[in-house]
Amino acid sequence: MSKVFFIPVNEGEDPSSISKKLKLLIDKSGMVDQFSKKEYVALKTHFGEEGNKTFIHPVLVKTVIDKLKQKSIYPFLTETSTLYRGQRSNAVDHIALAYRHGFGFDKMGVPIIMADGLFGDSEISIPINGKHYKEVNIAAEIGKVHGLVVLSHFKGHIETGFGGALKNIGMGLSSRRGKLVQHSVMSPEIIRSKCTGCGICIKWCPQNTITIEEGRAYIHKENCIGCGECLAVCQFGAVKFDWGRESGDLQEMIAEHAAGVINAVNGRVFYINFIINVTRDCDCLGKSEIVAEDVGLVAGDNIVAVEKASYDLFERHHKKPIQEFTYPRIDPLIQIRHAVSIGLGSMEYDLVEIS
Ligand code: SF4
Ligand code: SF4
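Residues 241 to 595 (this note's numbering) make up the sequence shown, in order.
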């Protein structure tokens, strides 16, 4: 049974205090022992969209980097380009934003290497044994590293109910093509009676496929890639998805792309989930609506165990599951159950609580 390590965090605890707990968690969980001297280890985190303030704090990311460097491991930060418009849709803008958010070389002491190249199309195909795919397209540089440390902000997500490590690598380390095939199951509709014609969704749509017709938004379906940005930015609830079918398929596809990432590094991945600053939406949005108290940090070397433990620890603390705080119509455990069904791990785990 996989071991999962947990250290609680108090509500509103400052990053320097959390950093001390993170050091303890890293030592107790044996994270550094997963890797050897002079190995190249990519740290996958999320630098936050412009305006977002709830991404994992740079002080905490630096804590992990320093622990790896103490053992003469070669860590670097990595990310991929987004499908949608914003400040992270190509490597140049993305790295500049990361710098503004405190992830520059001057603060981190390691470089940022975009895993999918300048425009997100640098990719490799990895065989998997999935229900939807027999191979998936992921960011090319992941196929070259010795290992991966995945730092995930545990929070809500408009398409999957919650986003943790599966979402962070399944979508976040896919190439542009990998992201497109996952999002292709999502097919938004405009509720005309709710649409005010404000045009915000038009500004965010990466495909330029929304126009205003007779004062209301209209989606030209032939070009829609199902990225969900219109759903995320509409403040009037005027965009709807088929939550049951579409979210379920998307969650399964995310789990299968996560399998590709794990296969690409021969399973040498360590995960830390940060259940702090829990927001309704992911850090891809330029807003930060915190909806629940901080819970703590969760670490381990099995993605299913870490995700399920994070979900359970959140529910134990709050007496209700995360989707009650985010998107109650979505069953967010689909992604974890599917990860089990394709052999990524077991939902049974041995919890080690660090006080
Ligand atoms: S953001 Fe919402 S309300 Fe505004 S135009 Fe788009 S669908 Fe309509
Ligand atoms: S219409 Fe919505 S889901 Fe489709 S591409 Fe545009 S923003 Fe994405």
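Where a beta carbon is used, it is the ideal one built from N, C-alpha and C, also for glycine.
Residue burial classification, Ser-312 (beta-carbon count within 10 angstroms, cutoff 16)
exposed
Quick check on Ser-257: buried or exposed, where buried means 16 or more other Cβ atoms within 10 Å of its Cβ?
exposed
Less than 7 Å between the CB of Cys-596 and some heavy atom of ligand 1, yes or no?
What is shown of the chain runs 241 to 595, which leaves residue 596 out entirely.
Given Lys-434, which residues of its chain have a CB within under 7 Å of its CB, disregarding the five upstream and five downstream residues?
Phe-476, Gly-477, Ala-478
Considering only C-alpha positions, which residue in the set Leu-406, Thr-451, Gln-327, Phe-316 is nearest to His-386?
Phe-316
Quick check on Phe-345: buried or exposed, where buried means 16 or more other Cβ atoms within 10 Å of its Cβ?
exposed
For Gly-455, the nearest candidate out of Phe-359, Ile-431, Lys-461, Ser-487 (CA to CA):
Ile-431
Quick one: is Asn-369 buried, meaning 16 or more other Cβ sit within 10 Å of its Cβ, or exposed?
exposed
N-terminal and C-terminal residue of the beta strand (DSSP E) that Ala-478 is part of:
Here Ala-478 belongs to no beta strand (DSSP E), and DSSP marks it neither H nor E.
Quick one: complete alpha helix (DSSP H) runs, 4+ long, within the segment 420-456?
440-444
Residues near Asn-292 by beta carbon distance below 6 Å, same chain, minus five either side:
Asp-523, Gly-526, Ser-528
Tell me, to the nearest whole angstrom, how far the beta carbon of Ile-596 is from that of Lys-307; I am working on the premise that it is less than 8 Å.
Outside the shown range of the chain (241 to 595) lies residue 596, about which nothing can therefore be said.
Measure the CB-CB distance between Ala-338 and Ile-352 and report whether it falls below 8 Å.
yes
Alpha carbon of Asp-552 to alpha carbon of Pro-561, nearest angstrom
8 Å
Of the residues Gln-575, Val-390, His-558, which one's Cα is nearest the Cα of Glu-399?
Gln-575
Check Asn-408 in the structure and name its three-state DSSP category.
helix
Who are Met-587's beta bridge partners in DSSP?
Answer by DSSP bridge pairing: none, since Met-587 is not bridged.
Just how far apart, CA to CA, sit Asn-377 and Lys-261?
36 Å
Compare the Cα-Cα distances from Ala-549 to each of Ala-405, Lys-284, Gln-327 and report the closest residue.
Ala-405
Confirm, please, whether the CB-CB distance from Tyr-324 to Trp-444 is below 8 Å.
yes
First and last residue of the uninterrupted alpha helix (DSSP H) at Asn-503
488-504
Checking the sheet assignment: what are the DSSP bridge partners for Ile-378?
Ile-364, Ser-414
Is it the case that the CB of Gly-466 approaches a heavy atom of ligand 2 more closely than 7 Å?
yes
Nearest to Asp-541 (by Cα), restricted to the options His-558, Arg-520, Leu-584
Leu-584
Let me know if Asn-408 comes out buried or exposed under the rule of 16 or more other beta-carbons within 10 Å of its beta-carbon.
buried
Taking Lys-384 as the reference, which of Ile-494, Ile-366, Asp-534, Arg-577 has the closest Cα?
Ile-366
Alpha carbon to alpha carbon, how far is Phe-514 from Ile-296? Give it in angstroms, no decimals.
7 Å
What do you get for His-460, buried or exposed, if any count of 16 or more other CB atoms within 10 angstroms of its CB means buried?
exposed
Check each candidate in Asp-534, Gly-403, Gly-439, Ile-442 and name the one with the smallest Cα separation from Leu-490.
Gly-403
Going straight from the alpha carbon of Leu-591 to that of Val-546, what length do you get?
10 Å
Integer-rounded CB distance, given that Met-348 should sit under 8 Å from Ile-382:
No, Ile-382 and Met-348 are not in contact; Cβ-Cβ is about 19 Å, not under 8 Å.
Is Phe-476 close to ligand 1? I mean its beta-carbon at under 7 Å from any heavy atom of the ligand.
yes
With a Cβ-Cβ cutoff of 8 Å, do Glu-375 and Ser-427 count as a contact?
no
What are the start and end residues of each continuous alpha helix (DSSP H) run of 4 or more residues lying completely inside the segment 539-583, in chain order?
543-558, 574-581
Neighbourhood of His-341 by C-beta, 6 Å cutoff - its chain only, sequence neighbours within 5 removed:
Phe-287, Gly-288
Can the beta-carbon of Val-538 be found closer than 8 Å to that of Phe-246?
yes
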